[in-house]
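A.B. asks: End of the sequence shown = 777 in the working numbering, gap-free, step of one. In this text, a Cβ means the ideal position worked out from N, Cα and C, and glycines have one as well. Computed from a predicted model, the values in this text were never measured in an experiment. Have a look at the structure that comes next, please.
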Amino acid sequence: MLTRNPKTKSSLQILQDSVKWHHMAHKVSSLLDVYSGLLSNESMILAVNSSFVDPLLQFESQLKIIESSFGMLVVMPSLDKVKEMGSSYEYIEDMKNLYHNILNTYENILTSLVSKDLYKLQILKEMLVWMRKDSSYMQERIMVIINKVLRFTVTKVRKYISVDAPCLGLLAAELSLLCSHEDPSIVKQASLGMCHLLYIARCQNDIGTNKPTNGKSHSLQFPSSDVEFLPKEFQQDESKIAQVSKIVDAIYRQLCDNNCMKDVMLQVITLLTCTSPKKVIFQLMDYPVPADDTLIQMWQAAGSQVSVAPHVLKTILLILKGKPGEMEDTVTEGKRFSLDTTNLMPLAACQALCTFLPLGSYRKAVAQYFPQLLTTLMFQVFYNSELKPILKDRALYAQDALRVLLNCSGLRQVDITLMKENFWDQLSEDLCYYHGVCFIAKTLSEYNFPQFPETLSYLYKVSVEGPRRSEDTVIVLLFLTELLNNYFKDPLPEEFLVLFINWIKDSNPVVSRLILHRIVHMLPIINKINGGIRSMAIRHFGQLVRDMRQYTWMVNDVVLEGLVPLILFLEDDDKRVAEACKYTLKICTSQLKWSTSRLLKDENYSFEMVVLNICNNLITSHRNYITDLTSDTLRFLWSPRTYLKRASVILIGYLAKSGGHLLLRDEIRVMLDVIGRLLRDEDPMIKQLAEITYDIFKKKAHKLTSAPLKQNFQKLLKLFYIKKLKPLYNYNSPNGQIDSPTDSKDIKNDKAL
Numbered sequence: 025m026l027t028r029n030p031k032t033k034s035s036l037q038i039l040q041d042s043v044k045w046h047h048m049a050h051k052v053s054s055l056l057d058v059y060s061g062l063l064s065n066e067s068m069i070l071a072v073n074s075s076f077v078d079p080l081l082q083f084e085s086q087l088k089i090i091e092s093s094f095g096m097l098v099v100m101p102s103l104d105k106v107k108e109m110g111s112s113y114e115y116i117e118d119m120k121n122l123y124h125n126i127l128n129t130y131e132n133i134l135t136s137l138v139s140k141d142l143y144k145l146q147i148l149k150e151m152l153v154w155m156r157k158d159s160s161y162m163q164e165r166i167m168v169i170i171n172k173v174l175r176f177t178v179t180k181v182r183k184y185i186s187v188d189a190p191c192l193g194l195l196a197a198e199l200s201l202l203c204s205h206e207d208p209s210i211v212k213q214a215s216l217g218m219c220h221l222l223y224i225a226r227c228q229n230d231i232g233t234n235k236p237t238n239g240k241s242h243s244l245q246f247p248s249s250d251v252e253f254l255p256k257e258f259q260q261d262e263s264k265i266a267q268v269s270k271i272v273d274a275i276y277r278q279l280c281d282n283n284c285m286k287d288v289m290l291q292v293i294t295l296l297t298c299t300s301p302k303k304v305i306f307q308l309m310d311y312p313v314p315a316d317d318t319l320i321q322m323w324q325a326a327g328s329q330v331s332v333a334p335h336v337l338k339t340i341l342l343i344l345k346g347k348p349g350e351m352e353d354t355v356t357e358g359k360r361f362s363l364d365t366t367n368l369m370p371l372a373a374c375q376a377l378c379t380f381l382p383l384g385s386y387r388k389a390v391a392q393y394f395p396q397l398l399t400t401l402m403f404q405v406f407y408n409s410e411l412k413p414i415l416k417d418r419a420l421y422a423q424d425a426l427r428v429l430l431n432c433s434g435l436r437q438v439d440i441t442l443m444k445e446n447f448w449d450q451l452s453e454d455l456c457y458y459h460g461v462c463f464i465a466k467t468l469s470e471y472n473f474p475q476f477p478e479t480l481s482y483l484y485k486v487s488v489e490g491p492r493r494s495e496d497t498v499i500v501l502l503f504l505t506e507l508l509n510n511y512f513k514d515p516l517p518e519e520f521l522v523l524f525i526n527w528i529k530d531s532n533p534v535v536s537r538l539i540l541h542r543i544v545h546m547l548p549i550i551n552k553i554n555g556g557i558r559s560m561a562i563r564h565f566g567q568l569v570r571d572m573r574q575y576t577w578m579v580n581d582v583v584l585e586g587l588v589p590l591i592l593f594l595e596d597d598d599k600r601v602a603e604a605c606k607y608t609l610k611i612c613t614s615q616l617k618w619s620t621s622r623l624l625k626d627e628n629y630s631f632e633m634v635v636l637n638i639c640n641n642l643i644t645s646h647r648n649y650i651t652d653l654t655s656d657t658l659r660f661l662w663s664p665r666t667y668l669k670r671a672s673v674i675l676i677g678y679l680a681k682s683g684g685h686l687l688l689r690d691e692i693r694v695m696l697d698v699i700g701r702l703l704r705d706e707d708p709m710i711k712q713l714a715e716i717t718y719d720i721f722k723k724k725a726h727k728l729t730s731a732p733l734k735q736n737f738q739k740l741l742k743l744f745y746i747k748k749l750k751p752l753y754n755y756n757s758p759n760g761q762i763d764s765p766t767d768s769k770d771i772k773n774d775k776a777l
């Protein structure tokens, strides 16, 4: 029996070896094809890179070539498979070298692109997208290549003070997704890439305070391979969580767990905000109110860049168009992520402004959006005051943001003044809020706030366009009219008169009544408005006082604040206005329990006697208002209307006679200066009246120069001994007199109503 030599191969073995050899040859041939294809693509990339092709077209063509090369790369066998092909050491080494040359060629193509333009780092982001579509063994290999390119970029950017790489946010988003990968080696590569990316971002945006110098590497701590960046519930198919909102939420959850990569994750928020500020801010505003420390840290990270500050504020202003407590609407684009069906995002936005506004990176943006922020926050304060029982302490966020805005805009003194007046504590009261809006405007005006022109322009724009809610219209109306009242003199610009008339015709009765009420207070600066409207406004004021009689604690203040124009416009050339003043004064003086009504009857009427009666009543019952009424009257002395100057000279004289001891030395000096100018007036009657008033103030000034002991005795005597006034001027109203051609034209226009 023949025995077979064990070293002799059977026919089957020979056949198997032959097939294996052919298979190996095919694999070697495919590797060579990939290598030659990559070399060809590299030459095309370099050629396009050196051309003068339009940058956008250049990028698109290079991206197609890179994608083609990527396709070649992913079909390659693994290095272990390549090693199995060889039977000798030399063969295996040759295959390994070929394999590494292929990978190095692809890496060289990428680095050559990035070295020319950092914008082309976006290609790495596209590679991650392509890689996500293929879950094969190639992923770690691709991640290694991406990290090598990023490391090359780090060495490149070290040489520059600042760099421009606008795609970092998107790349950071893709890498953050891979930090939840089930393969620890992928997690390690992704986290390493994130650290490289953050270093580049520091160079681009100057995020860090200690930028490395002298070629030393940055001291970021790279994570170990077993670090889990996201909770286990997010370790799933990345395509299901590839939204900015989910990334932000995942980072928030991990930060709450005190993850060791806290700084890195906050930098991811910064980069994401740079790329998609609107989406990130909407997500950050959709957490429960009040925000916890983790969320505030994320706000700070999102607000750290100067370049995105305007976009962040614009997004917050969009959110603040909503009203807290309203059911979910279309303010946010698409479905919100919170479980709460009511919209509390405006509350979060107000709280966030307290974080964003003081940041140095927001200084220019705050100045740019000051009018919008000021107006919108006043809306929110009002909304919150309505919902205070529901919102409780959260209702103060809008108020806090408003105070922060003032302090960050060079208006700290305004906030201090409001605080001294106990304003902020009273602002949330329903009955006081409308008064509070006027008080803010008045205080801003007193300090000549530099943002007045742009604020006035914005308020006018909003008024013309029309806010969405009627309460918004009321707030704009109050704020705008108070600013105009403090900054302008007669005549008021025509555009605002048209606006007032439109408000009078407003379908909302609250708006129409309120503008009529405001017109009474603005009469010093709107003498040119049609007489029919003025008379309507004055009569409405009387009706308002009548309706408010039940609010005894408030109505007297309302009457006394509107008293001066009611007195002075008794002398109006238009009979409709004069009669309206008589009608309203009867109501007002009756409310104050003064015996003035009989003097307002036509058969008894005398302007000076009415003034004398009112001032005598002020002395006995409301002397603490005399100084304010004197200040109100002073504004009318600048009027171009002759009858108003005559009437105001008389009224201010009687006020000085009755309450001059309450005026300070500087106040009397101002009065002497103003009345002194009227001594040179063209109208002889004004000159004659001014001489009497000037003499009254001169005597008051003389008394102030007497010994302090004598002054104090005189003031004390005034408190206990009240001497009623007697007629001083012997003034008779010139009936039917037309002051000037301008007055004549105005009266004719008024009659046409």
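1. Can you find at least 3 beta carbon pairs, one from the stretch 586 to 593 and one from the stretch 605 to 612, that sit closer than 8 Å?
2. What distance in whole Å lies between the Cβ atoms of I305 and V292, which are believed to be in contact at a cut-off of 8 Å?
3. Need the endpoints of the alpha helix (DSSP H) that G783 sits in, please.
4. Could you please give the first and the last residue of the uninterrupted alpha helix (DSSP H) stretch that includes E117?
5. Excluding the five sequence neighbours on either side, which residues of its own chain have a C-beta within less than 8 Å of the C-beta of L341, listed in chain order?
6. Can you name, in chain order, every residue of its own chain whose Cβ lies under 8 Å from the Cβ of V153, other than the five neighbours on each side?
7. Rounded to whole angstroms, what is the Cα-Cα separation between I611 and L584?
8. Determine the closest residue to T497 out of N510, Y718 and F403, with distance taken between C-alpha atoms.
9. Relative to the C-alpha of Q86, which candidate in Y59, Y115, E131 and K144 has its C-alpha closest?
10. Assign N367 to one of three DSSP states: helix, strand, or coil.
11. In the DSSP assignment, the alpha helix (DSSP H) including S4 goes from what residue to what residue?
12. How would you label K786, buried or exposed, when you count the other beta carbons within 10 angstroms and need 16 or more for buried?
13. Provide the residue span of the alpha helix (DSSP H) that contains Q329, from first to last.
14. Within this structure, are the beta carbons of V178 and H220 separated by less than 8 Å?
15. Which whole-angstrom value describes the C-beta separation of L296 and V272, a residue pair presumed to lie in contact below a C-beta threshold of 8 Å?
16. Under 8 Å between the Cβ atoms of M167 and I126?
17. Would the beta-carbon of Y678 fall within 8 Å of that of L594?
18. Do you know how far the Cα of I525 is from the Cα of L502?
19. Thinking F721 and L696 are a contact (beta carbons under 8 Å), I'd like their distance in whole angstroms, please.
20. Keeping to the same chain, check which residues put their C-beta closer than 8 Å to that of K669; ignore five residues upstream and five downstream.
21. Which of the three DSSP states is assigned to K617 in this structure?
22. Identify which residue in A389, L319 and Q329 has its Cα closest to the Cα of Q375.
23. Please classify R558 as buried or exposed, where buried requires at least 16 neighbouring CB atoms within 10 angstroms.
24. Exposed or buried, what is N640 when buried is set at 16 or more other beta-carbons lying within 10 Å of its beta-carbon?
25. Is DSSP giving Y421 helix, strand or coil here?
26. Please classify A779: does DSSP put it in a helix, a strand, or coil?
27. Give me the Cα-Cα distance between K149 and T299, rounded to the nearest whole angstrom.
28. Taking only runs that begin and end inside the stretch 555 to 609, name each unbroken alpha helix (DSSP H) of 4 or more residues, in chain order.
29. Kindly indicate which three-state DSSP category F520 falls into: helix, strand or coil?
30. So for C639, helix, strand or coil by DSSP?
31. Any heavy atom of the ligand NAP closer than 7 Å to the CB of A196?
32. Pull up the CB-CB distance for M162 and V72, whole angstroms please, since I reckon it's below 8 Å.
33. Answer with buried or exposed for Q423, where buried requires no fewer than 16 other C-beta atoms within 10 angstroms of its C-beta.
34. Would V288 and M218 be called neighbours here (beta carbons separated by less than 8 Å)?
35. At what residues does the alpha helix (DSSP H) containing L703 begin and finish?
C.D. replies: Considering the structure as presented:
1. Note that the stretch 586 to 593 touches the stretch 605 to 612; at least 3 beta-carbon pairs, one per stretch, sit closer than 8 Å.
2. Your pair V292 and I305 does not check out as a contact, with CB atoms roughly 15 Å apart and the cut at 8 Å.
3. No information on residue 783 is available, as it lies outside the stretch 25 to 777 that the chain covers here.
4. Y113 to K140 is the extent of the alpha helix (DSSP H) around E117.
5. Cβ-Cβ distances below 8 Å link L341 to Y393, Q396, L397 and T400 in the same chain, with the five nearest sequence neighbours on each side left out; the list follows chain order.
6. E198, listed in sequence order.
7. If I take the Cα positions, the gap works out to 12 Å.
8. Sorting N510, Y718 and F403 by C-alpha distance to the C-alpha of T497 places F403 at the top.
9. For Q86, the closest of Y59, Y115, E131 and K144 by C-alpha to C-alpha distance is K144.
10. Residue state, collapsed to three classes: coil.
11. Given a span of 25 to 777 for the chain in the structure shown, any question on residue 4 remains unanswerable.
12. This structure does not reach residue 786, given that the chain is present from 25 up to 777, and the question cannot be answered.
13. Run containing Q329: none; DSSP gives neither H nor E here.
14. Going by C-beta atoms, V178 is nearer than 8 Å to H220.
15. Between V272 and L296 the Cβ distance is about 7 Å, and since that is below 8 Å, they are a contact.
16. Result no, Cβ atoms of M167 and I126 do not sit closer than 8 Å.
17. Contact: no.
18. Distance between the alpha carbons of L502 and I525: 15 Å.
19. A Cβ-Cβ separation of about 5 Å places F721 in contact with L696 under the 8 Å criterion.
20. Closer than 8 Å at the Cβ level, and outside the excluded window around K669, lie F660, L661, S663, L702, D705, D707 and I710.
21. In the structure shown, K617 sits in coil (DSSP, three-state: anything other than H, G, I, E or B).
22. Checked all of A389, L319 and Q329; the closest Cα to Q375 is L319.
23. It counts as buried.
24. Counting every other CB atom within 10 Å of its CB across the protein chains shown gives N640 a total of 16 or more, marking it as buried.
25. Here DSSP, grouped into helix, strand and coil, assigns Y421 to helix.
26. The question about residue 779 has no answer, for the chain in this structure spans 25 to 777.
27. One C-alpha to the other measures close to 13 Å.
28. Runs of the alpha helix (DSSP H) lying entirely within the stretch 555 to 609, each at least 4 residues long, are 555 to 571, 576 to 585 and 587 to 592 in chain order.
29. Reduced to three states, the DSSP call for F520 is helix.
30. C639 carries a helical assignment under DSSP once its states are collapsed to helix, strand and coil.
31. For the ligand NAP, the structure offers nothing, since it holds no ligand at all.
32. Taking 8 Å as the upper bound for CB-CB distance, M162 and V72 are not in contact here, some 26 Å apart.
33. It is buried - the Cβ of Q423 has at least 16 other Cβ atoms within 10 Å.
34. Going by C-beta atoms, V288 is nearer than 8 Å to M218.
35. Per DSSP, L703 lies in no alpha helix (DSSP H) and is assigned neither H nor E.
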